[in-house]
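Taken in sequence, the protein lines are chains A and B.
The first sequence maps to residues 59 to 419 in the numbering used here.
The second sequence maps to residues 20 to 113 in the numbering used here.
Even for Gly, the Cβ is constructed at its ideal location relative to N, Cα and C.
Keep in mind the model is a prediction, meaning the values are calculated, not measured.
Structure record follows, encoded as structure tokens.
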Amino acid sequence: MNGIAPPLALLAELTHRCPLQCPYCSNPLALERAGEELETAIWLRVLGEAAALGCLQVHFSGGEPTARRDLEQLVKRASDCGLYTNLITSGVLLDEARLAQLVDAGLEHVQLSFQDSNEAGADRIAGFAGHRKKIETAGRIRAAGLPLTANFVVHRQNLANLDSMIALGVELGAERIEIAHVQYYGWALQNRAALIPARDDLARATAAVEEARGRLKGAVVIDYVVPDYYAKRPKACMGGWARRFLNITPSGKVLPCHAAESIPHLLFDNVRERSLADIWENSEAFNRFRGTAWMPELCRSCERAEIDWGGCRCQAFALTGDAARTDPACALSPDHDVMTNLAAAESTHPPDGFVYRRHSH
Amino acid sequence: MSGSDIADDARPRLAPHRRLKFDEARKSWTIQAPERVFLLDEIAYAIVSRCNGEKTFAGIVDELCGAFGAPRDVVAPDVQKLVRDFADKGVMEL
Numbered sequence: 059m060n061g062i063a064p065p066l067a068l069l070a071e072l073t074h075r076c077p078l079q080c081p082y083c084s085n086p087l088a089l090e091r092a093g094e095e096l097e098t099a100i101w102l103r104v105l106g107e108a109a110a111l112g113c114l115q116v117h118f119s120g121g122e123p124t125a126r127r128d129l130e131q132l133v134k135r136a137s138d139c140g141l142y143t144n145l146i147t148s149g150v151l152l153d154e155a156r157l158a159q160l161v162d163a164g165l166e167h168v169q170l171s172f173q174d175s176n177e178a179g180a181d182r183i184a185g186f187a188g189h190r191k192k193i194e195t196a197g198r199i200r201a202a203g204l205p206l207t208a209n210f211v212v213h214r215q216n217l218a219n220l221d222s223m224i225a226l227g228v229e230l231g232a233e234r235i236e237i238a239h240v241q242y243y244g245w246a247l248q249n250r251a252a253l254i255p256a257r258d259d260l261a262r263a264t265a266a267v268e269e270a271r272g273r274l275k276g277a278v279v280i281d282y283v284v285p286d287y288y289a290k291r292p293k294a295c296m297g298g299w300a301r302r303f304l305n306i307t308p309s310g311k312v313l314p315c316h317a318a319e320s321i322p323h324l325l326f327d328n329v330r331e332r333s334l335a336d337i338w339e340n341s342e343a344f345n346r347f348r349g350t351a352w353m354p355e356l357c358r359s360c361e362r363a364e365i366d367w368g369g370c371r372c373q374a375f376a377l378t379g380d381a382a383r384t385d386p387a388c389a390l391s392p393d394h395d396v397m398t399n400l401a402a403a404e405s406t407h408p409p410d411g412f413v414y415r416r417h418s419h
Numbered sequence: 020m021s022g023s024d025i026a027d028d029a030r031p032r033l034a035p036h037r038r039l040k041f042d043e044a045r046k047s048w049t050i051q052a053p054e055r056v057f058l059l060d061e062i063a064y065a066i067v068s069r070c071n072g073e074k075t076f077a078g079i080v081d082e083l084c085g086a087f088g089a090p091r092d093v094v095a096p097d098v099q100k101l102v103r104d105f106a107d108k109g110v111m112e113l
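Written out as structure tokens, the structure reads:
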């Protein structure tokens with residue numbers, strides 16, 4: 059197919075509805091409403107198209123995907139098509155009967171989010187009293203025999219609890235623990251001054267993760283995502299724009315990454331109107347930053363051009379106003395100072411209140 | 020257990036909810052695992068496809084020696100390394 063390699067995975071954002079209000083939510087500031095969501099029949103079609111296109115895995119996400127009553131049907135369809143199914147959930151709506159139905163439908167894995175290691179902290183950050191329920195849900199997931207990933211998003215207001223987060227993950231029987239520093243787009247960008255850690259605290263956290271990895275080797279895998287405000291080289295965001303992932307929003311827009319709508323003037327296609335294969339190959343938004351031809355000379359001639367894939371386009375836009383500029387996370391970027399200065403200034407703020415994720419009225 | 024030798028009578032197998040699957044789009048065997056995909060080359064597939072929880076490690080090495088016409092002291096370390104690596108990643112159980 060024109061030399062464009064097929065995507066590895068589909069991120070299916072089934073809904074933006076969610077009881078939690080995490081101030082770093084990866085959903086866009088302009089949340090889509092329930093009335094705009096794709097009908098079941100369209101999702102069933104799209105899952106088949108994703109498998110035919112070469113996707114191997116589907117991540118059912120949101121919002122809170124279990125808020126969709128047809129989740130079991132979608133998991134069954136994905137599983138029947140040979141897709142490996144993953145549920146990314148807060149766990150607060152998932153009771154035993156529902157989980158059993160999802161397992162019957164072919165669900166293979168659950169990633170369960172936690173906002174902190176202790177109830178008071180977690181419920182404050184989530185803007186919702188759900189921590190205790192999550193602990194119960196984790197037990198049910200393990201009792202059902204499903205592999206569990208415990209996901210902890212970390213930032214200045216909970217980073218001191220990193221060791222107890224890892225201990226909680228182990229205690230809950232997670233075989234994979236994801237420690238993900240907040241990435242600054244959308245809601246997190248709004249709340250950056252309240253979230254960004256100081257450089258020394260980041261270094262301590264990174265050392266603690268390394269220590270835990272050694273200690274837990276062979277028993278628990280720890281994945282670690284660092285914030286690139288202190289990086290010297292950018293992350294290969296999404297494994298490169300339009301190289302590995304497709305993201306479908308609740309209303310059917312197909313994005314190269316979940317934050318891509320923060321870049322103005324990109325045209326996104328909708329699965330209501332075009333097939334997934336057509337969009338993957340031909341969509342203007344996918345081709346705009348695919349490969350290396352779009353890169354500024356600094357990046358195109360760099361030996362890391364096909365390692366970093368130019369880093370993150372949303373970040374380049376958020377910090378420079380130009381989505382085609384070198385990612386400021388790169389130390390070679392003429393804008394690198396902007397990022398390091400922001401991090402230094404904002405991380406020395408006292409902890410601030412949050413702008414919680416809510417529908418605008 | 021990490022880093023130690025695998026016992027001859029160990030019976031390695033894929034961990035629950037890990038799937039050995041042929042991917043038509045890439046013409047490659049894969050292991051599907053939580054939020055991970057491992058693409059297997061011919062040798063890795065030959066090893067993994069024998070790890071069914073019934074065959075012993077020693078038996079698997081014997082079979083591979085036959086299949087590839089290679090001596091045991093060449094084959095065994097490669098099998099050891101791959102199985103240990105997948106075990107450390109939670110993909111296989113011993």
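Rounded to whole angstroms, what's the CA-CA distance from residue 278 of chain A to residue 267 of chain A? Just pull it up for me.
Cα to Cα, the separation comes out at about 12 Å.
Can at least three beta-carbon pairs, one atom from the segment 70-84 of chain A and one from the segment 399-415 of chain A, be found at a separation below 8 Å?
Short answer: they touch.
Residue 124 of chain A, DSSP secondary structure in three states
In the three-state reduction of the DSSP assignment, residue 124 of chain A falls in the helix class, which pools H, G and I.
Helix, strand or coil at residue 399 of chain A [DSSP, three-state]:
When DSSP states are grouped into helix, strand and coil, residue 399 of chain A belongs to the helix group.
Nearest candidate by alpha-carbon position, reference residue 61 of chain A, set A:340, A:388, A:406 and A:357:
Here the closest residue by C-alpha is A:340.
So residue 100 of chain A and residue 330 of chain A are in contact, right, with Cβ under 8 Å, and what is the actual spacing, rounded?
Residue 100 of chain A to residue 330 of chain A, Cβ: 7 Å. Contact.
For residue 94 of chain A and residue 380 of chain A, the rounded distance between their alpha carbons
The alpha-carbon of residue 380 of chain A is positioned some 30 Å away from that of residue 94 of chain A.
Helix, strand or coil at residue 63 of chain A according to DSSP, with G and I counted as helix:
Residue 63 of chain A falls in the coil class under three-state DSSP.
Roughly how many whole angstroms lie between the Cα atoms of residue 153 of chain A and residue 285 of chain A?
Rounded to the nearest angstrom, the two C-alpha atoms are 34 Å apart.
Validate contact between the segment 256-274 of chain A and the segment 302-318 of chain A using beta carbons, cut 8 Å, 3 pairs:
No, because fewer than three Cβ pairs between the segment 256-274 of chain A and the segment 302-318 of chain A fall closer than 8 Å, the two stretches do not touch.
Which of the three DSSP states is assigned to residue 389 of chain A in this structure?
In the displayed model, residue 389 of chain A falls within coil according to three-state DSSP, outside both helix and strand.
With DSSP as the reference, please indicate the residues paired to residue 48 of chain B in a beta bridge.
Among the bridge pairs identified by DSSP, residue 48 of chain B is matched with B:41 and B:59.
Give a yes or no on whether 8 Å exceeds the smallest Cβ distance from residue 279 of chain A to chain B.
Residue 279 of chain A counts as touching chain B.
Starting from the beta carbon of residue 112 of chain A, find every residue of chain B whose beta carbon is closer than 9 Å, and list them in chain order.
Neighbours of residue 112 of chain A on chain B, chain order: 42, 43, 44 and 45.
Taking residue 215 of chain A as the reference, give the member of A:255, A:118, A:112 and A:319 with the closest Cα.
With distances taken between Cα atoms, residue 215 of chain A lies closest to A:255.
Could you work out which residues of chain B lie near residue 142 of chain A, taking near to mean beta carbons separated by less than 7 Å?
38 and 51, listed in chain order.
If you measure between the beta carbons of residue 369 of chain A and residue 290 of chain A, is that distance less than 8 Å?
The Cβ atoms of residue 369 of chain A and residue 290 of chain A lie no closer than 8 Å to each other.
From what residue to what residue does the alpha helix (DSSP H) around residue 157 of chain A run?
Start and end: 154-163.
Grouping DSSP H, G and I as helix and E and B as strand, with all else coil, what is residue 111 of chain B?
Of the three classes helix, strand and coil, the one that applies to residue 111 of chain B here is strand, per DSSP.
When you compare only the Cα positions, how much space is there between residue 133 of chain A and residue 404 of chain A?
If you draw a straight line from the Cα of residue 133 of chain A to the Cα of residue 404 of chain A, it is about 42 Å long.
Cβ separation of residue 243 of chain A and residue 320 of chain A, assumed to be a contact under 8 Å, to the nearest whole Å
Indeed, because the Cβ distance is near 6 Å, the residues count as touching under 8 Å.
Less than 8 Å between CB atoms is the rule here; does residue 234 of chain A satisfy it with respect to chain B?
At a cut-off of 8 Å between beta carbons, residue 234 of chain A contacts chain B.
Residue 92 of chain B: buried (16+ other C-beta within 10 angstroms of its C-beta) or exposed?
So residue 92 of chain B counts as exposed.
Could you check the C-alpha separation between residue 142 of chain A and residue 251 of chain A for me, to the nearest Å?
Spanning the two alpha carbons is a distance of roughly 38 Å.
Find the residues of chain B that neighbour residue 204 of chain A, judging by a C-beta separation of less than 7 Å, and give them in chain order.
Those are 36, listed as they occur along chain B.
Does any CB atom of chain B fall closer than 8 Å to the CB of residue 185 of chain A?
Closer than 8 Å: no.
Are residue 334 of chain A and residue 104 of chain A close, meaning C-beta to C-beta below 8 Å?
It is a contact, given that the beta carbons lie within the stated cut-off.
Closest to residue 316 of chain A by C-alpha separation, out of A:204, A:359 and A:121, would be which residue?
Distances from the CA of residue 316 of chain A to each of A:204, A:359 and A:121 were compared; the closest alpha carbon is that of A:121.
Looking at the unbroken beta strand (DSSP E) that takes in residue 143 of chain A, where does it start and where does it end?
For residue 143 of chain A, the enclosing beta strand (DSSP E) starts and ends at 142-147.
Reducing DSSP to helix, strand and coil, say where residue 131 of chain A ends up.
Here residue 131 of chain A carries a helix assignment [DSSP, helix/strand/coil].
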